[in-house]
Structures are given as C-alpha cells and as structure tokens.
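Down below is the structure, laid out as structure tokens.
Residue numbers (the working numbering): 39 to 255.
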C-alpha cells in the first residue's frame, strides 16, 4: 500500500482533506503531520520567511523518512514554500490548490477568488499567475476577502461564517466565469449554494484526490 504525507497548519482541515483523498484513493495510507504554530509565525512575520520555509521543509522531510512516496501541503497560505521544498526532497510535493487552479485557468477567462484569511490572498494570486504563465493562458483575477467570516468561524459562529462566504460567492459570480474557494475551511459552503451556481464554484478538495491517484497509483 502506498503511503503519502499531508502537511497541515490547522486541525480544521484534516478531516475534509482525509475524506477527499481516501474517497478518490481508497488503496493508499495517509500520514498526517500538523503544526498550528506555522500560521502563528506567518501572521507575526507578515509573510513567508526563510525560517518558515525551513520549518516546512523539515516536516516534508519527516514524512519522506517515514516512507511517503508523495507529500501534499494543505495550507494555501504556505504554498509559496513548496517551490523551495521540492529541491530538498526526493519525492513529489503538491500544493493542494494547484490542480484546481490548473483546471480553472484552462476553462475560464475571468476567475474569482474568495478567501477569509488575509494571509491567503497573495499566495493564491501568485499561484494563479504562475500557473497562467506556465500554461500560456491569459486570465483576469478578481479577489474577495471575507475577513469578518474568518473571525466568526474562529468564534464558533459556523452558520454566520457560511452565510457571509455564500453571499460573497453569489455576488462575485456576477462578475466572473468561475469562483475558486481559496481555503479548505470554506469548501463546505458549496453545499449551501443554489444548484444552478454550484458547478461554477471550485474547491481544491474536488481535485486533489485524482491528482494523487495519478501520481502514486
């Protein structure tokens, strides 16, 4: 049985990521590694630092030593570390939202990004630009930050959080072809949207399982 490692910066995403991966790849074993100090350090520093990249590299190296054939970084805010990490390990390292973004830039000319955590904004736009350049696709990007929803979720107001995100998605779809949900923590909002717009709203959870299956199985 193949083993993959998944690197997390918050406990909130472990269950949905695990379920998404095992649904697509029931024949793999998963090693979850989580350190919530990463997001605290990112917030203090205001961005990725060499220390944070070294920290993340050590976590990926740890799953490689345990026999993982592939690693996934589940935190969009920390995805810029991955380009450097790849040079320090001998296994593939996937940014969890990269398969979704690759699909998006090949299927839409105008892409909306919805996020609740401010630290996700720059990495998401950077990855979109990186993938657009690599694929030769010219896309327009429109971002929306639901900062109040972020605080509501942290305070335990899940319904208030979901309502804010759903409203933002609905409004943004008036301007763009599709909307990307930049964080796994807001992926469940798709189920609360009208059926007519659900196909236009993307979550990395719908893409990461098939990507892993293609690379490992």
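Note that CB positions come from ideal geometry on N, CA and C, so glycine has one too. Quantities reported herein were computed from a predicted structural model and do not represent experimental measurements.
With a Cβ-Cβ cutoff of 8 Å, do residue i and residue j count as a contact?
{"i": "residue 157", "j": "residue 117", "result": "no"}
{"i": "residue 254", "j": "residue 42", "result": "yes"}
{"i": "residue 173", "j": "residue 127", "result": "no"}
{"i": "residue 90", "j": "residue 106", "result": "no"}
{"i": "residue 201", "j": "residue 169", "result": "no"}
{"i": "residue 181", "j": "residue 167", "result": "no"}
{"i": "residue 266", "j": "residue 177", "result": "Here the chain has residues from 39 to 255 only, and residue 266 is not among them."}
{"i": "residue 110", "j": "residue 132", "result": "yes"}
{"i": "residue 243", "j": "residue 55", "result": "yes"}
{"i": "residue 52", "j": "residue 59", "result": "no"}
Measuring alpha carbon to alpha carbon, tell me which residue in the options is nearest residue i.
{"i": "residue 84", "options": "245, 161, 208", "result": "161"}
{"i": "residue 112", "options": "140, 145, 146, 77", "result": "77"}
{"i": "residue 256", "options": "62, 155, 168", "result": "Residue numbering for the chain in the displayed model covers 39 to 255; residue 256 lies beyond these limits and cannot be assessed."}
{"i": "residue 220", "options": "146, 165, 251, 49", "result": "165"}
{"i": "residue 252", "options": "54, 46, 66", "result": "66"}
{"i": "residue 120", "options": "88, 151, 149, 178", "result": "88"}
{"i": "residue 205", "options": "194, 193, 192, 183", "result": "183"}
{"i": "residue 250", "options": "108, 50, 47", "result": "108"}
{"i": "residue 188", "options": "60, 203, 82, 133", "result": "203"}
{"i": "residue 171", "options": "207, 140, 186", "result": "140"}
{"i": "residue 130", "options": "44, 229, 244", "result": "44"}
{"i": "residue 214", "options": "197, 195, 226, 152", "result": "152"}
{"i": "residue 199", "options": "230, 52, 217, 179", "result": "230"}
{"i": "residue 217", "options": "192, 163, 193", "result": "163"}
{"i": "residue 124", "options": "245, 39, 99", "result": "99"}
{"i": "residue 175", "options": "82, 147, 228", "result": "147"}
{"i": "residue 50", "options": "72, 245, 228", "result": "72"}
In this structure, what does DSSP give as the bridge partners for residue i?
{"i": "residue 182", "result": "152"}
{"i": "residue 276", "result": "Since the displayed the chain opens at 39 and closes at 255, residue 276 lies outside it and no answer follows."}
{"i": "residue 239", "result": "217"}
{"i": "residue 111", "result": "45, 133"}
{"i": "residue 71", "result": "45"}
With a threshold of 16 other CB atoms inside 10 Å of the CB of residue i, please say whether the residue is buried or exposed.
{"i": "residue 104", "result": "exposed"}
{"i": "residue 64", "result": "exposed"}
{"i": "residue 57", "result": "exposed"}
{"i": "residue 236", "result": "exposed"}
{"i": "residue 145", "result": "exposed"}
{"i": "residue 241", "result": "buried"}
{"i": "residue 95", "result": "buried"}
{"i": "residue 61", "result": "exposed"}
{"i": "residue 138", "result": "buried"}
{"i": "residue 247", "result": "buried"}
{"i": "residue 150", "result": "buried"}
{"i": "residue 97", "result": "buried"}
{"i": "residue 225", "result": "buried"}
{"i": "residue 185", "result": "exposed"}
{"i": "residue 190", "result": "buried"}
{"i": "residue 196", "result": "exposed"}
Considering only heavy atoms of the ligand MN, does any lie closer than 7 Å to the CB of residue i?
{"i": "residue 159", "result": "You won't find the ligand MN in this model; it holds no ligand whatsoever."}
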